[in-house]
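To start, the structure itself, in structure tokens.
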Amino acid sequence: MPGPRGRLLTAWLAAATLSLSATAAWAADQPQSGGTITLATFKEPRCLDPTVGGDVPQDIIAHMFTDSLISQTEDGAYHPWLATSWDVTDGGLTYTFHLRTDVKFSDGTPFNAAAVKANFDHWLDPKTGSANIAPQLTNLASVTAVNAATLVVKLKSANAFFLTTLANPSAGMQSPQAMARGNTLNCESPVGSGPFIVQKWIHGSEVIFTRNPNYNSPPPQALHTGPAYADRVVWKVIAEPATRFNALLSGEVGVLNGLPPEDYITAKSSQNIAIIDDFQPGVPWQVDLNTKRAPFNDVRVRRAFRYSLDAPAGLRSIFFGAYQPAGGPLSPNTPFYDAAVEHAYPYDIKAADKLLDAAGWTGRDAQGYRTKNGQRLTVHFPVYASTQPADLALYEQLQATAKKAGFDLQIEKQDDSKVYARQYSWDYDLYIDYWTVNTPGALTFIYDSDGLTSLDGGYHNNEAGISDPHLDALLAAGPATSDPAKQKQIYDEAQQIVSDDALAAPLYVYPSIAAFNTDKVRDVRTDWSVHSVTLYDAWVPKN
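Going left to right, the sequence shown walks through residues -27 to -1, 1 to 516 as mature numbering (1 follows the signal peptide of the UniProt record, and there is no 0) numbers them.
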């Protein structure tokens, strides 16, 4: 299926049609080696090993120092990377990968089939606590290193999205020798075969990478071969949006991963700022509704809550139209997205009132909040301290519209560690969620009942707390068939169930809006597997 449509805009070449994957073409300039590229983002990873726990910042940074077996391009096509080719036999149950024999990890460990098997073992080890790769491999039967250049993977059932899993940065190959040190050390200084080497992680400040001088394994869509151009990359954490954007304008940083929406228009009008504007597939930015406890254990209350939210109005006033409203369980650029559920819950206070009356929330206290048996209709929403100001302003607008229906939406901003702890113990009514992957299998991460089981550390993927055998069966059947018509039917029904049960309130299609200062860096490109920037081809102009 086609991938998302990206577009790159520069104010000084606004009329030009540019490549979706390349950032720009400066005909008079040629790539040059040397220099330092500084990238700023608002949140650092919890661990640099992309599979220990597994949050989005880990995915975004992983291909800095790792390569994957498979590469995936914008059109959804798969291409060789560390695997030169593969054969699929036994009705989709057996994958035989033929591997490169000339690649080494940056610690000198050879890349071979035994190393790949060690990575599979690491992903599935309960001590790793993988929330990203392990849930995608529940149907794995065996992994066998036949010889140094041949790996055979057997599945219990067919999985149409298996190669997409292997293309993801969270499936980036790591050195078995480095992984053997244990999670604590590997979180600090993981070792891959990628274009850069992790030199140092200064927590709360930056991750410093140096060029891998022996790099020889770029993906086929790269613009060059051999080592990266930049000597160093500094992956800097700047939490405050205005400070982050001003650093881009001044040239203190060359690349911004995550352009604040309030600065989108300014960036477009700046002659030396280029924008990579993209929307991520998968599950949109949403709040999951905890069905395991009151008040959202009543589907009528969940539906009423959805009717009480006016996210599009908030996006228009706060995000300046840079973000696209979401209404369904999948983002529109995801394969098998069903538009029929996109507008199932328009802003409708009368509909919310009717449902809440039927659910017994008929009283009103002096502040206008609904009550039932003397209890106020309170919704607890723990929010990370690192939440960006625009998102927080959106939540406050939703708080105001929900109050019109009688909901007391309590936005409880806390240290990130405390919010994680509340997630682990199910101590929430709403919880922010999204999942970026270019398949409808994203629904499995969020709603399959296997996700009710806590991983090591306590994290659970199924934050809605839903256990629906029929939905589970659909989510299992989708990857098991390769017939697009059947897959469409299966995922349409799954999306309808999620929508009808009001398991989440989608807010916006998660954007991947990056920007870079063309005086400081060129050829910043998109890694389509996770829809973030990649710096392998990027280079520093000598002004």
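We put the beta carbon where it would ideally sit given N, CA and C, even for glycine.
query	result
Indicate the three-state DSSP secondary structure (helix, strand or coil) for L403 in the structure shown.	strand
Please report the distance separating the alpha-carbon of L196 from that of L303.	32 Å
Between Y393, A366, V392, T417, which lies nearest to N112 when the distance is taken from Cα to Cα?	T417
My parser needs the beta strand (DSSP E) runs of 3 or more residues fully inside the stretch 205 to 234; what are they?	205 to 210, 228 to 230
Indicate the three-state DSSP secondary structure (helix, strand or coil) for Q172 in the structure shown.	strand
Compare the C-alpha of residue 532 against each of S143, T426, S103, I106 and name the closest.	There is no way to answer for residue 532, as the model of the chain reaches only from -27 to 516.
If you check the beta carbons only, do L232 and I10 fall under 8 Å apart?	no
Taking the C-alpha atoms as reference points, what is the distance between Q31 and V164?	14 Å
Beta-carbon separation of P442 and Y401 under 8 Å?	no
Please confirm whether any heavy atom of the ligand MN lies closer than 7 Å to the CB of K173.	Because no ligand of any kind appears in the structure shown, any question about the ligand MN cannot be addressed here.
Quick test of your reading: F84 and V116, contact by CB under 8 Å. State the CB separation rounded to the nearest angstrom.	With a Cβ gap of about 15 Å, F84 and V116 do not count as contacting.
Using 8 Å as the cut-off, can you tell me whether the stretch 272 to 281 makes contact with the stretch 310 to 330, which would need three or more C-beta pairs spanning the two stretches below that distance?	yes
Within this structure, are the beta carbons of D497 and A203 separated by less than 8 Å?	Looking at the sequence shown, residue 497 is not Asp but Val. Not in contact: V497 and A203 (Cβ atoms no closer than 8 Å).
If the criterion is Cβ atoms closer than 8 Å, does the pair D60 and N189 meet it?	no
Measure from the alpha carbon of N490 to the alpha carbon of each residue in A415, L12, G7, then state which is nearest.	L12
Using the Cα positions of E385 and A394, report the straight-line distance between them to the nearest angstrom.	14 Å
Are D500 and V494 closer than 8 Å when you measure CB to CB?	no
Within 10 Å of its beta-carbon, does A215 have 16 or more other beta-carbons around it, so buried, or fewer, so exposed?	exposed
Using a Cβ-Cβ distance under 8 Å, would S6 count as near chain D?	Annotation note: the requested chain D is absent from the structure, which comprises a single protein chain.
For R154 and P268, I'd like the C-alpha separation in whole angstroms.	46 Å
Return the first residue and the last residue of the alpha helix (DSSP H) that P149 is part of.	149 to 152
For the stretch 330 to 413, list the alpha helix (DSSP H) runs that are entirely contained and at least 4 residues long, ordered along the chain.	362 to 378, 389 to 397
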